[in-house]
Amino acid sequence: MNLFRFFVAALFIPIAQAQVLAPDVLVKTITEEVVAILKQDKDIQAGDPKKVADLIDTKVVPHFNFTRMTRIAMARNWRSASPEQQKELTGEFKTLLVRTYSTAISNYRDQKIDYRPLRAKPEDTEVTVKSEVKQSGSSQPVSIDYEMEKTPNGWKVYDVKVGGVSLVTTYRDTFASEVRDHGVDGLIKSLAAKNRQGERAKSGKS
Amino acid sequence: MQKAKTLCLLFLAGTLSGCATSGGNPSDPLEPLNRAMFSFNDTVDDAVVRPVAKAYRAALPGIVRTGISNFFSNLEDVWISVNDVLQGKVQQGFEDFGRFLLNSTFGIGGIFDWASEVGLPKNNEDFGQTLGSWGIGTGAYLVLPILGPSTFRDGFGLLLDTQTDLVFRIDGVRVHNSLYLTRAISNRANLLDASSVIETAALDKYAFVREAWLQRRRNLVYDGNPPREKEEAEDDSR
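From first to last, the protein sequence lines stand for chains A and B.
My numbering puts the first sequence at residues 1 to 206.
My numbering puts the second sequence at residues 1 to 238.
Written out as structure tokens, the structure reads:
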């Protein structure tokens with residue numbers, strides 16, 4: 001199974017690197033691709049967590065800068081962490097964010113997504129791609145903004161804001177108080193515990 | 001009225017215990033009190049509100065739920081347009097009142113949201129946001145009983161929002177009580193997906209919700225374009 005994932009990834013990466021897509025085009029292309037798969041795939045609609053996770057791993061994860069996300073969430077505590085701790089933190093935080101994203105995406109029910117025109121100069125290295133999701137059952141559209149940075153490997157997302165709420169900075173208080181009370185290792189431990197708990201919940205359900 | 005009294009009492013309690021600060025977030029000096037209220041609300045939500053909202057969502061098809069949600073949303077548009085004007089957004093005020101007229105007539109009492117289709121999108125305004133746009137700070141974070149996250153400013157705004165609530169104007173205690181209840185269930189049902197995401201995401205649900213709420217309100221006060229906070233850039237260095 002992992003071999004399969006490796007091959008899919010191997011196929012995908014050269015294509016992604018061959019052309020540097022404009023940030024708004026990138027977000028739109030990936031979202032449309034993911035949405036198309038969500039609509040087709042019956043296992044995903046039935047809530048198969050593994051399939052959702054695979055989809056996100058191959059299509060979404062390569063376009064995120066998780067190190068930067070972790071650094072922003074850690075704020076001033078990032079520097080007090082050793083390089084190893086930073087690596088561990090990033091790994092655990094990534095797992096948590098990916099699972100959160102999976103939960104959000106498996107709730108997907110024919111929402112309509114509109115993209116606002118990108119306001120950026122060609123030389124900009126940081127841009128915000130704005131989109132709006134219209135949900136059924138609710139009259140108010142929800143804004144989803146992607147904060148993106150230009151890297152040698154194309155544009156990467158380093159924050160997602162849903163209705164103005166940053167997925168990353170929302171963790172700042174929790175991270176800060178955890179580090180204050182139990183140190184960086186304490187934070188790594190509680191992130192890991194949260195991730196294990198999420199895995200158990202998943203396998204228990206299916 | 002009862003609700004208003006409860007709120008007043010809470011303000012009083014808030015001011016009195018204002019000096020008993022705890023170590024955490026500066027915008028949440030009442031954290032111990034708020035945490036207690038938060039876990040009370042959570043218990044009520046687990047036991048009653050969420051199960052009812054789930055049943056509601058399971059029982060009614062999406063199109064009916066959208067209609068119900070639209071009906072209540074339409075009644076809000078009048079007060080929203082007043083707040084637009086109070087915030088100096090006169091044109092948006094006319095547009096939102098236009099939404100109300102259009103949806104009340106062609107949208108059959110607001111069940112259909114034609115206004116959004118013809119380019120008059122729904123706006124989110126309330127008196128708390130109006131106060132914010134006048135430069136009034138949020139004050140301390142406050143978790144209200146049942147109603148959930150708020151701040152002193154937004155709690156005060158909510159008092160006025162409640163007084164101007166059109167559902168409140170409908171005659172007959174039983175009619176407006178059942179309308180209140182339906183609206184509450186409909187609103188909670190719209191948040192079911194969001195709350196399942198929070199369960200997955202949060203290490204400390206209380207702190208997560210607090211931070212998300214404060215960011216959300218700030219974003220609404222600035223109509224989706226808040227200035228970048230200084231703190232955001234801090235330690236963002238590579």
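The C-beta atom is built at its ideal place from N, Cα and C for all residues, glycine as well.
- Residue contact with chain B for A/S166: present (Cβ-Cβ distance below 8 Å to some residue of chain B).
- Listed by position along chain B, the residues whose Cβ is nearer than 8 Å to that of A/R172 are E211.
- Sixteen is the threshold: when 16 or more other Cβ atoms of the shown chains lie within 10 Å of the Cβ of A/H63, as they do, the residue is buried.
- Under the 8 Å criterion on CB atoms, A/A53 is classed as non-interfacial with respect to chain B.
- When secondary structure is reduced to three states using DSSP, A/L97 falls in the helix class.
- Contact residues of the stretch 102-122 of chain A toward chain B are T103, A104, N107 (C-beta to C-beta distance below 7 Å).
- Burial state of B/V44 is exposed, judged by a 10 Å Cβ sphere holding fewer than 16 other Cβ atoms.
- With respect to the 8 Å criterion, A/K134 and A/K112 are classified as neighbours on the basis of their beta carbons.
- Excluding sequence positions up to five before and after B/L158, its CB lies less than 6 Å from no other CB in the same chain.
- Pairing B/L214 with B/S39 gives a Cβ-Cβ distance that is not under 8 Å.
- With 16 or more neighbouring CB atoms inside 10 Å of its own CB, B/V143 falls in the buried class.
- In the structure shown, the three-state DSSP call for A/G47 is coil.
- Counting of Cβ neighbours within 10 angstroms places B/R228 among the exposed residues, the total staying below 16.
- Here the C-alpha atom of A/D159 lies approximately 17 Å from the C-alpha atom of A/V25.
- In summary, no residue of the stretch 18-51 of chain A has a CB separated from any CB of chain B by less than 8 Å.
- Neighbours of B/T105 in chain A, taken as residues whose beta carbon is under 8 Å from its own, are absent, since the nearest beta carbon is some 17 Å off.
- For B/P149, the uninterrupted beta strand (DSSP E) run begins and ends at 148-151, by DSSP.
- Under the 10 Å beta carbon count, A/V127 is surrounded by 16 or more other beta carbons and is classified as buried.
- Among the CB atoms of chain A, none fall inside 8 Å of the CB of B/G132.
- Beta bridge pairing from DSSP links A/D114 with A/E132.
- Uninterrupted beta strand (DSSP E) stretches at least 3 residues long and entirely within the stretch 18-70 of chain B do not occur.
- When secondary structure is reduced to three states using DSSP, A/E123 falls in the coil class, being assigned neither helix nor strand.
- Boundaries of the alpha helix (DSSP H) around B/E199: 192-201.
- For B/G110, the secondary structure class from DSSP, reduced to helix, strand or coil, is coil.
- Within the same chain, F93, V168, T169, Y171, R172, F175 come within 8 Å of A/A73 by CB-CB distance, once the 5 residues on both sides are set aside.
- A contact is defined here as three or more CB-CB pairs under 8 Å, and the stretch 146-166 of chain B fails this definition with respect to the stretch 185-192 of chain B.
- Relative to B/Q87, the option among B/L166, B/E117, B/D96, B/S133 whose CA is nearest is B/S133.
- The shortest CA-to-CA distance from A/R68 to any of A/V157, A/K59, A/R116, A/L191 is the one to A/V157.
- Rounded to whole angstroms, B/E31 and A/K59 show a C-alpha spacing of 41 Å.
- Assignment of beta-bridge partners to A/F64 by DSSP yields A/V157.
- According to the DSSP secondary-structure assignment, B/L142 is paired through a beta bridge with B/S150.
- Ranked by Cα distance from B/V85, the options B/D126, B/A115, B/F72 are led by B/D126.
- Counting every other CB atom within 10 Å of its CB across the protein chains shown gives B/F106 a total below 16, marking it as exposed.
- Under the Cβ criterion of 8 Å, A/G91 is not counted among the residues facing chain B.
- For chain A, the residues of the stretch 108-123 of chain B that bring a beta carbon within less than 8 Å of one of its beta carbons are D113, S116, P121, K122, in chain order.
- Using a Cβ-Cβ cut-off of 8 Å, A/Q86 is close to nothing in chain B; its nearest Cβ partner there is about 12 Å away.
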